[in-house]
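Under my numbering, the first residue of the sequence shown carries the number 849, and numbering increases by one thereafter.
Glycine included, each C-beta is placed from N, C-alpha and C at the ideal position.
Every value quoted in this text rests on a predicted model; they were computed, and no experiment measured them.
Remarks on the structure that follows.
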Amino acid sequence: MKKIIAGNWKMYGEPAMAEALSVAVARHAEALPDTVSVVICPPAVLLAQVSGWIAGARRTKTGGQSCHNRPEGAFTGDISAKMVKDAGADYVIIGHSERRQYHRETDSQISEAAALALKSGLCPIICVGESEEERKSGRANEVVGAQVAACLPDAAKDHDFVLAYEPVWAIGSGATPTLADIEAMHAHILSVAAAATGKKAGGITVLYGGSVKADNARDILQVPGVSGVLVGGASLKADDFCRIITAAV
Ligand code: PGA
């Protein structure tokens, strides 16, 4: 089973660091078997440059961190799916919890953005996840299942897409769910996504994200239903991210 290791740089990085990091990661991944795919998601202004620096790499692609839910228009500061594609990306993260929280993105906007991503030839990485309060009150399955059903566009029926389970309380906190909890949630997400798209659960890719580090990546990547990881903080250091990539082999 193929594994995807995606790095979300968030609002970090400047050109010299971005070049050194992306080239080191792509070089590392090149030596690995084709069961591993790496996706680097730099800030939008670095996307075209990073795509250029790693052009020709077989195992490493780039992704945007977000795209708008309209194809174009008077939306100052925003970026369309086609612009992300034109910058050389193959993927785009959509509906990350930081976008939901700070930019008030809703499930329906996320679904529209994902549809535009697919139309533009991008593979969307659609993020879902419960808050700490929702988990503590026993509503995690209900909340995440509803997000999956609402965020998957119709076009997901006939295109490849990626889901990322990122419990909000695990992002940047150092805390992670137990492996059993990750397994249970991935099984739930796979069954909801399969029902929503008519696809077989075994053919759907669900990444885990939230405090993935070099020392817990191998265990997480072996959990049934986990087809890869979405890494924030640890994707900014070449050594750490390369160790996570190796853990997927
Ligand atoms: P983290 O972030 O790895 O720093 O917890 C993950 C994410 O936000 O995608």
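Here residue 861 is not near residue 895, since their CB atoms are 8 Å or more apart.
Residue 927 sits away from residue 1077, with the two beta carbons spaced by 8 Å or more. Taken through DSSP and simplified to helix, strand or coil, residue 1053 comes out as strand.
For residue 886, same chain residues with a beta-carbon under 7 Å away, outside a window of 5 residues either side, are 853, 873, 877, 907, 908, 1093 in chain order. Counting only the Cα atoms, residue 968 lies some 20 Å from residue 925. Straight-line spacing of the CA atoms in residue 923 and residue 917 works out to 10 Å. Remark: C-beta atoms of residue 915 and residue 958 do not approach each other more closely than 8 Å. Secondary structure of residue 910 (DSSP, three-state): strand. Between the segment 1033–1044 and the segment 1063–1070, the count of C-beta pairs closer than 8 Å stays below three; the two stretches do not touch. Pairing residue 982 with residue 996 gives a Cβ-Cβ distance that is not under 8 Å. Of the residues 999, 1062, 934, the one whose Cα lies closest to the Cα of residue 944 is 999. The beta carbon of residue 1030 sits no closer than 7 Å to any heavy atom of the ligand PGA.
The beta-bridge partner set that DSSP reports for residue 973 consists of 941, 1010. In its chain, beyond the 5 residues on either side, 917 have a beta carbon closer than 6 Å to the beta carbon of residue 960. Measuring C-alpha to C-alpha distances from residue 1062 to each of 1035, 851, 1085, 890 identifies 1085 as the nearest.
Taking the CA atoms as reference points, residue 871 sits about 7 Å from residue 901. Sequence-distant Cβ neighbours of residue 948 in its own chain, meaning closer than 6 Å and more than five residues away, do not exist here. CA-CA distance, residue 884 to residue 965, rounds to 23 Å. Sequence-distant Cβ neighbours of residue 930 in its own chain, meaning closer than 6 Å and more than five residues away, are 968.
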